[in-house]
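Q: Residue numbers (the working numbering), protein chains in the order written: chain A, 968 to 1370; chain C, 8 to 264.
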Ligand SMILES: Nc1ncnc2c1ncn2[C@@H]1O[C@H](COP(=O)(O)OP(=O)(O)O)[C@@H](O)[C@H]1O
Ligand SMILES: [Mg+2]
C-alpha cells in the first residue's frame, strides 16, 4: 500500500524493519556488486561497450594472473630439483646438453644449491663454532617480537622496553663478543654476512630512526630559531642525497677526515649512514602527523598546565604517531629494502651473500642466479608483508579506541 | 531574582584578576585596546559582544594562551610576564573550557580527567580517580567514565571538559562560548552544570550569548566591541537600560531571535 505524503498525514503504524535484499550480502553479494554489476549493464550503447570491455579485461587479468602463478609453481615446485644425494653440485641442475643430468629444455629451481649455501646466506663467514651466539640472539629477538604482537601478554610494556634497551646491548655482546676470558671471543664484523647483516642494519635503523625522527620533527617545529634551522638543515641535507652516496662517502671519504690510525668499523659506518638517512625521512613523516593535530589539543594541554614536554609526550605525539602509522611503516619497509645497498661498501648482506653464491663456479648453471634471487626475494617479501599487515592491525586497533 | 541576589553576596573584596591598560596586537591589528578589568573572588562575569570583538582574546590572555603586549595582568597575585614559571603557576589555578571541547580523543573520559592532576600536581592516581569520579558525578555522567570522547554527544563532551578543568581544583574558571558548538537540545544540560558551578562560589568568566544564563548567574555583564570594553553593568540594568548605542544594537540583534 502506498501512502500519499504530499498532504497532511499521521503515521499509524511503524514501517516494518526488513533484512537487506539477499543478493547484497555474502559471496554472491560481493560478486554481484563488484563484478556482475560492472559487466551486465546494457542499458545504452556506452554502457554496453563499457560492460564488454570490463568483461574482457576481467578475463584477461584472470588469465594472466593464473599464467604467472602457474609458471612460478612449475619452476619452484614441479620442475624443481629438491635433493642432491650424490653431491653432484652443478651437474644435478644442468641439462644433458650442457653436461648435466636433466633432460634438455628443463627449467626448474635448484634447491640443493640453496641448501648448500644456506649457512652462508644466513651468517656469512661468521665462524662455525660461534654460530650458537647468533642463533641465541635471533631466538631472543623472535620470542620478544612474538610476545609483543599479543595484546594481552602480561608485562607487555616491560618486554617492549627491554627489547628497546637491554636487547641491543645483549645482541652487541653476543654478536661482537667480549673476549676469550668469558668464552665470547671477538668476531670481526668483516666476517658477518647474509641475513645477519641485513637484520642488524635494518633493525638498528628502524629502532634508532624513530626516536631520532621524533626529535628532528619536534625540532623543526620549535620556537627557537637555532634549533629549527639546525633540524631543518639536517633533514634537508640527508634527504637531498641518495643513500648510495651516503654509504659511498662513509666508506671512501670518512677515513680522510679521521686522524691517521683511527678506523671506524665498516658495519658501524653503514649503520650510522642508514640511520641518519632514515631518520630524516621519518622526521618528515612525523611532522605530517604533528600538523594534522588540531590546534585546540595544544591549547587544552597548555591550559591544563602540562608544559611543553609533557604535552608532547602525553597528548600530541601519541595522536600524531597514530595518524602516521602507514607512513612510518612505509619508511620502515623502504629502509629494510634499502639495506641491500650496503653491498656497495663491501658488506655481505643477504643480497651480497647471494651474489657471492651465484658466482660459485662449482654450482654454475643457468638456474643458479634465478633460484637464489627467488629465495632472496621471498625473504624480503615475507618480512615486508608481515610489517605491512602488522601496521594495518595496529591501525585498526588504535582506531577503535580513538573514535 | 532572589537566587541572583543570594549568589551575589558571595563576591568578596579580594581581587583575583586585575587587568590594567592591557593592549594587544595581531601583527598590525590592534585587537585589545586599553582593557581594564578587576574581578573579585567568587564573582561571575559574562562577556558578550559581536564576533571578532576580542572576547576570546581577552580570556585567553588570562591564562597566557595569548600574550599581551601592553599593560599588566595579575592573577591571584602572580604577574603574567615572560617568566615561564609564573605562567605555569597561573595555569594550575585557572581552568578553561573551550568552544570545541578539545577533549583528548586518544584517552578515555576518566584518563582525560586524571591526566593533569597526576602529571602536573603529582596527585596519587587513586586520589585523582576518586576526585575525577566525584566531579563526573557532579556533571552527571559518571557512567561514561570508561568511554572515549568520540563516543559521547557534544553536550556530554562539554560536561566532561568542565569536569576535566575542575579536576585541577582551580580558583578561577574561564569559559569561551561553551555552548556555541552544541546542538540546541544539548545547550541546557551544559548551562545547568555551569549554574551549579556558579552556586558553589567559583570565580567565573564566561563568554556567551546565552542571555538567559547571563541574567541568572552574572554579577556583571561586560559588552565588548572592536577590542574595547564598551559597557559593563549589573545584568538587570545592563539588559533593561543599556546606555551605549552599540550595546543597544547588539542586544536588539541577539535578543530578537
Ligand atoms: N591568532 C590570530 N592571528 C591573527 N588574528 C587573530 C588571531 N586570533 C584572533 N584574531 C583576530 O582578532 C580579532 C578578535 O578575535 P577573537 O578574540 O577571537 O574575537 P571573538 O572571540 O570576540 O569573536 C578577530 O578579528 C580575529 O580575526
Ligand atoms: Mg571567540
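Glycine included, C-beta positions come from ideal geometry on N, C-alpha and C. Remember, predicted model here, so these are calculated numbers, not experimental data.
1. Do you know offhand how far residue 116 of chain C's Cα is from residue 142 of chain C's?
2. Based on Cα-Cα distance, which residue from C:53, C:98, C:114 lies nearest to residue 158 of chain C?
3. How many angstroms separate the CA atom of residue 1307 of chain A from the CA atom of residue 1191 of chain A?
4. Closer than 8 Å, CB to CB, is residue 93 of chain C near chain E or not?
5. Entirely within the stretch 1216 to 1275 of chain A and at least 4 residues each: give me those alpha helix (DSSP H) ranges in chain order.
6. Anything in chain C within Cβ reach of residue 1286 of chain A, meaning under 9 Å, just list it in chain order.
7. List, in chain order, every chain A residue whose beta-carbon is nearer than 8 Å to that of residue 6 of chain C.
8. What residues in its chain sit with their C-beta under 8 Å from that of residue 1342 of chain A, if we drop five residues either side in the sequence?
9. Whose Cβ in chain A lies nearer than 7 Å to the Cβ of residue 107 of chain C?
10. Please confirm whether residue 143 of chain C has its beta-carbon closer than 8 Å to some beta-carbon of chain A.
11. Return yes when at least one heavy atom of ligand 1 lies under 7 Å from the C-beta of residue 186 of chain C, else no.
12. Along the beta strand (DSSP E) that carries residue 228 of chain C, what are the first and last residues, could you check?
13. Between residue 1044 of chain A and chain C, is any beta-carbon pair separated by less than 8 Å?
14. Which residues neighbour ligand 1 when neighbourhood means a C-beta less than 5 Å away from any of its non-hydrogen atoms? List them by chain order.
15. Under 7 Å from any heavy atom of ligand 2, does the C-beta of residue 79 of chain C make it?
16. Among all the DSSP beta bridges, which residues are the ones paired with residue 31 of chain C?
17. Can the beta-carbon of residue 202 of chain C be found closer than 8 Å to that of residue 224 of chain C?
18. For residue 1277 of chain A, would you say it is in contact with chain C, using Cβ-to-Cβ distances shorter than 8 Å as the test?
19. What separation, rounded to the nearest whole angstrom, lies between the Cα atoms of residue 11 of chain C and residue 239 of chain C?
20. Listing by chain order, which chain C residues have their CB less than 9 Å from the CB of residue 1266 of chain A?
21. Measure the CB-CB distance between residue 112 of chain C and residue 156 of chain C and report whether it falls below 8 Å.
22. Examine chain C for any beta-carbon lying closer than 8 Å to the beta-carbon of residue 1109 of chain A, and answer yes or no.
23. Does the beta-carbon distance from residue 29 of chain C to residue 47 of chain C come in below 8 Å?
24. Specify the secondary structure class of residue 238 of chain C as computed by DSSP and reduced to three states.
25. Touch check for the stretch 146 to 154 of chain C and the stretch 85 to 104 of chain C: three-plus C-beta pairs under 8 Å?
26. Would a C-beta distance cut-off of 8 Å place residue 63 of chain C and residue 183 of chain C closer than the cut-off?
27. Just verifying my parser: in three-state terms, what is the DSSP assignment at residue 119 of chain C?
28. Would you say residue 83 of chain C reaches chain A, if we count a Cβ-Cβ gap shorter than 8 Å as a contact?
29. What does DSSP give as the partner residues of residue 1191 of chain A in its beta bridges?
30. Give the secondary structure of residue 51 of chain C by DSSP, where H, G and I count as helix, E and B as strand, and everything else as coil.
31. If you run the structure through DSSP and keep just helix, strand and coil, what is residue 83 of chain C?
32. Just the chain A side, please: which residues come within less than 7 Å of residue 126 of chain C by C-beta, in chain order?
33. So what's residue 305 of chain C in DSSP terms, helix, strand or just coil?
34. Would you verify that the beta carbon of residue 1289 of chain A is, or is not, closer than 8 Å to some beta carbon of chain C?
35. Is the CB-CB distance between residue 221 of chain C and residue 53 of chain C below 8 Å?
A: On the basis of the supplied data:
1. 12 Å
2. C:114
3. 38 Å
4. As a matter of chain content, chain E is missing from the structure shown, whose protein chains are A and C.
5. 1221 to 1224, 1233 to 1259, 1262 to 1270
6. 111, 112, 113
7. Residue 6 of chain C is absent from the model: chain C starts at 8 and stops at 264.
8. 1081, 1088, 1321
9. 1263
10. no
11. no
12. 227 to 232
13. no
14. C:33, C:38, C:58, C:59, C:60, C:61, C:62, C:63, C:64
15. no
16. C:39
17. yes
18. yes
19. Note on residue 11 of chain C: pLDDT 45, under 50, position unreliable in the model; the coordinate value appears next. Roughly 17 Å between the two C-alpha positions.
20. 67, 72, 103, 105, 109
21. yes
22. no
23. no
24. strand
25. no
26. yes
27. helix
28. no
29. Answer is none; residue 1191 of chain A lacks a bridge partner.
30. strand
31. coil
32. 1273, 1277, 1281
33. What the structure shows of chain C is the stretch from 8 to 264, and residue 305 of chain C is not part of that stretch, so it cannot be assessed.
34. yes
35. yes
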